[in-house]
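Using numbering that gives the first Met the number 0, you'd call the opening residue of the sequence shown number 0 and step up by one each time. What follows is a set of notes on a single structure, which appears directly below.
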Amino acid sequence: MSTIENFEKSIFINCPYDENYTSALRLIIFTIMITGLNPRLASENSDCATVRLEIIKEIIHSCKYSIHDLSRMKAQKKLEYYRMNMPFELGLDFGCREFSNSNVYKTKKLLVLEGKKYGYQKALSDFAGIDIVSHNEETVDIIKSVRSWLIDNVPEIDALPGQKIIWDWYVADFSQFMRDQADISQQTEKEIWACSTSQLKKYVSKFLHSFDEAKKYRAFA
């Protein structure tokens, strides 16, 4: 597959890496992979010799689409610093689109999410006027936002199941698939769900290729 083909079917996920966001992140990956798009995350590269910023730059250059969730910018407790990785990576991606001499990068499309409406303006006021989607810290609303944005912004995607159906597929069917995989590999459910990002993508891909109800929504080979 050519570099441009990879670019056209890849999507960068820039989101919090904390325990409270884990379920949402897994569902974002699951929703994206229903379409055949390839979700890219900095956490998929476990090579300790590679500088993380270089990984992020490579991913940004490799993805036409991106999702940036700014809902964890604010410090959660007294004396804790703001978490600036997400807005920093959004800035890199935005700059890649706006300042590149390549017409390819000027086609990049970005979805920016926040927890509470207009909350980002207190820390990122330069983005005032940009259409940012709030999800109220609810996983189902995150999936709703991602689903709608994919349909609106990816020309190859004609339709996707509603967020409730996606949720049911994940909670019932994919969870059962993961239990089966745990049995096959002689792991506990907790152990198999603790897999790396790359391994999770492999599990989701294997499940979706065997799950007939999802096949008609696959827009990319």
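We treat Cβ as the ideally placed atom computed from N, Cα and C, and that holds for glycine.
- CA-to-CA, the gap between VAL103 and SER209 works out to about 34 Å.
- SER101 is the residue among SER101, GLU188, GLN175 and THR30 whose C-alpha sits nearest the C-alpha of ILE3.
- Going by DSSP, TYR104 is part of no alpha helix (DSSP H) at all; its letter is neither H nor E.
- Inter-residue distance for ILE183 and LEU40 is about 27 Å (C-alpha atoms, whole angstroms).
- For HIS134, the secondary structure class from DSSP, reduced to helix, strand or coil, is coil.
- Straight-line measurement puts the Cα of GLN175 at about 30 Å from the Cα of VAL153.
- With the rule of 3 Cβ pairs closer than 8 Å, the segment 157-175 counts as touching the segment 21-38.
- By alpha-carbon distance to LYS107, the top candidate from GLY114, GLY94 and GLU113 is GLY94.
- Cβ-Cβ distances below 8 Å link GLY161 to ARG146 in the same chain, with the five nearest sequence neighbours on each side left out; the list follows chain order.
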